[in-house]
Amino acid sequence: MMTTGILITVVAMLLFPPLATLTATAASSLSHPSHHILDVQEILHTTTSSHVPQTQLFDHEISESDDSKRWKLNLVHRDKLSEHHGDHRRRVEARLKRDVKRVAFLNSRIGNGSYTAGGGGGGRFEVEDFGSEVVSGMQQGSGEYFVRIGVGSPAQSQYMVVDSGSDVVWVQCLPCKQCYQQSDPLFDPANSASFTAVSCGSAVCEHAETAVGCRGHGGGRWCGYEVSYGDGSYTKGTLALETLTFGNTFIQKVAIGCGHRNQGLFIGAAGLLGIGGGSMSLVSQLGGASDGAFSYCLVSRGTGSPGSLEFGRESLPTDSAVWVPLLRNSRVPTFYYVGLSGLGVGGVQVSIPEPIFQLSDMGHGGVVMDTGTAVTRLPTAAYTTFRDAFISQTTNLPRAPPVSMFDTCYDLNGFVTVQVPTVSFYFTGGPVLTLPARNYLIPVNDVGTFCFAFAPTSSGLSIIGNIQQEGIQISFDSTNGRMGFGPNVC
């Protein structure tokens, strides 16, 4: 089998919805649509028909590969696997609870600003490259989107959480001194011909942020890693080089964490596939093989087809995409920042001072694109102005009581469709992204309560969440420092 696939070796890099509802134009002087039609009945129908049996997903979500310059994984949202699939209200409640913790985790990353590493082989290492919200499971833990990949040689199939806010590739391993429940059999490195534990004197051990020094004795000393969390959860084990399989593409010598002792809210998935901007992420390790390029399309809730995650420059759109500059925060190189100049409602930009979204020279504030956060967060002052503009243009719709973090909700029970004002992101330099209606008015139960899917934050950090990203192709070109929207939808 290994002789027929495409081989990619990675080592040295460690040293160092309909289409009509989506509008994105690069000229701010052009007019933008003022209203969209929200199909209430169609969306409510999807809240009761989105579950897919896990056995079908295991067969269906196998990775695909087109050629040596582009390879693709199917993405599935955790709601497809939820144990509460028959109760949309409970799914939403669980999602919002996860979201609160996720946002707190992201803010703590920036607030702490640096890693704390213990010296020698016995020191404690604290790092926020993982979070309990991203290394989590399909039933009770966290993590919003999953892919299925092969680990080892021969490949052992595993479900992995995909996270753009993390830099680590990590999987539970045998022998397991303490492991949480996962859906697939635990990865056994003893059955993998390509598994190589990282030695203490290697450059990988020296430069990996998660390393905690040497373990073992004599010639059997290897590089350990440990990640701990604010809630007492942790994972620890061995740093290793291993082969990952995407369809018929074999990526050799990827640095991964092989976790032998794990505790906390890590339920269901085997581990994490970090695609952040740091040196340990899969994107960075791929180096020239992907040329720093990847794209994803997060499938809209309730649709039967999977989303996609593609690596390689061939995955980038050749035309019609709207590109915006990526910004770097030296305090947290993991995160993908974009320049946001304002927000629009009904085709008109709302009066919000642009500095409220700016990333400061000290690494505070700014706007992050994140796959692990569901609901877009905005600084309170910006959110209040934005929300009030939306309310002023929806006075014809009956209101409903607030739900959890959502303070602006509507009772659309009995409506087939409703006309709603558009919502737009105005990016620095002119590009404008106008969202589909279902990306900002979402159902929170099965009886017609829809809420405005944004929330305020007392932090200066703004986060564009996955609800607002759904159904839109998002592309990252790290080599050229840019991120693209469209032109494809999913």
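Throughout the sequence shown, residue numbering follows mature numbering (1 follows the signal peptide of the UniProt record, and there is no 0), covering -22 to -1, 1 to 468 in sequence. Here a beta-carbon is modelled for each residue, glycine too, at the ideal position from N, C-alpha and C.
*asked:* Does the region 158 to 172 come into contact with the region 215 to 225, if we say contact requires no fewer than three beta-carbon pairs (one atom in each stretch) closer than 8 Å?
replied: The region 158 to 172, when compared against the region 215 to 225, does touch it at the 8 Å Cβ threshold.
*asked:* Once DSSP output is grouped into helix, strand and coil, what is the label at residue 146?
replied: coil
*If residue 320 and residue 328 are in contact, beta carbons under 8 Å, what's the gap, nearest whole angstrom?*
7 Å
*If you draw a straight line from the alpha carbon of residue 293 to that of residue 399, how long is it in whole angstroms?*
33 Å
*With C-beta atoms as the reference, is residue 54 less than 8 Å away from residue 380?*
At the C-beta level, residue 54 and residue 380 stay beyond 8 Å of one another.
_Which runs of the beta strand (DSSP E) at least 3 residues long sit entirely within the region 288 to 315? Give them in chain order._
300 to 305
_residue 70, DSSP secondary structure in three states_ = helix
*Can you give me the start and stop residues for the alpha helix (DSSP H) that residue 416 sits inside?*
Where residue 416 is concerned, there is no enclosing alpha helix (DSSP H), given that its DSSP letter is neither H nor E.
*Roughly how many angstroms lie between the CA atoms of residue 403 and residue 412, to the nearest whole one?*
6 Å
*asked:* What residue range does the beta strand (DSSP E) around residue 13 cover?
replied: Residue 13 -> beta strand (DSSP E) spans 13 to 17.
_Buried or exposed, going by whether 16 or more other CB atoms sit within 10 Å of the CB of residue 332?_
Under the 10 Å beta carbon count, residue 332 is surrounded by fewer than 16 other beta carbons and is classified as exposed.
_Span of the beta strand (DSSP E), counted from its first residue to its last, around residue 137_ = 134 to 141
_As assigned by DSSP and simplified to three states, the class of residue 166_ = Coil.
*Pick from 363, 407 and 462: whose alpha carbon is nearest that of residue 386?*
363
_By the DSSP assignment, the alpha helix (DSSP H) with residue 475 in it spans what residues?_
Because the chain spans -22 through 468 in this model, residue 475 falls outside it and cannot be assessed.
*Three-way DSSP call (helix, strand, coil) for residue 86 in this model*: Residue 86: helix per DSSP, three-state reduction.
*May I have the straight-line CA-CA distance separating residue 229 from residue 295, to the nearest angstrom?*
Residue 229 and residue 295: Cα-Cα distance of roughly 24 Å.
_Quick test of the definition: if touching needs 3 or more C-beta pairs under 8 Å, does the region 366 to 380 touch the region 337 to 347?_
no
*With distances taken Cα to Cα, identify the nearest neighbour of residue 227 among 258, 127 and 466.*
Nearest to residue 227 by C-alpha distance, out of 258, 127 and 466, is 127.
*Would the beta-carbon of residue 343 fall within 8 Å of that of residue 390?*
no
*DSSP three-state call for residue 444: helix, strand or coil?*
helix
*Could you spell out where the beta strand (DSSP E) holding residue 125 opens and where it closes?*
123 to 129
*Roughly how many angstroms separate the alpha carbons of residue 357 and residue 330, rounded to a whole number?*
11 Å
*From 11, 462, 79 and 73, residue whose alpha carbon lies closest to that of residue 275*: 462
*With DSSP run on the structure shown, which of helix, strand or coil describes residue 333?*
helix
*Is the beta carbon of residue 240 sitting closer than 8 Å to the one on residue 216?*
no
_Mapping the DSSP letters down to three states, classify residue 250 as helix, strand or coil._
strand
*Taking Cβ to Cβ, would you say residue 148 is nearer than 8 Å to residue 237?*
yes
*Output the boundary residues of the beta strand (DSSP E) element that contains residue 181.*
Premise fails: residue 181 lies in the alpha helix (DSSP H), 181 to 185, not in any beta strand (DSSP E).
*Own chain partners of residue 299 with C-beta closer than 7 Å, once the 5 adjacent residues on each side are dropped*: Here residue 299 has 453, 462, 463, 464 and 465 as same chain residues with Cβ atoms under 7 Å from its own Cβ, once five neighbours each way along the sequence are excluded.
_Classify residue 25: buried if its beta carbon has 16 or more other beta carbons within 10 angstroms, exposed otherwise._
buried
*Over what stretch of residues does the beta strand (DSSP E) that includes residue 273 continue unbroken?*
271 to 275
*Output yes or no for whether 8 Å exceeds the beta carbon distance between residue 441 and residue 417.*
Residue 441 places its beta carbon 8 Å or farther from that of residue 417.
*With respect to the beta strand (DSSP E) encompassing residue 321, which residues constitute its N-terminal and C-terminal limits?*
318 to 323
_What does the Cβ neighbour count give for residue 415, buried or exposed, with the cut at 16 atoms within 10 Å?_
buried
*So is residue 341 in contact with chain C if we call contact Cβ pairs under 8 Å?*
Of the protein chains in this structure there is only one, and it is not chain C.
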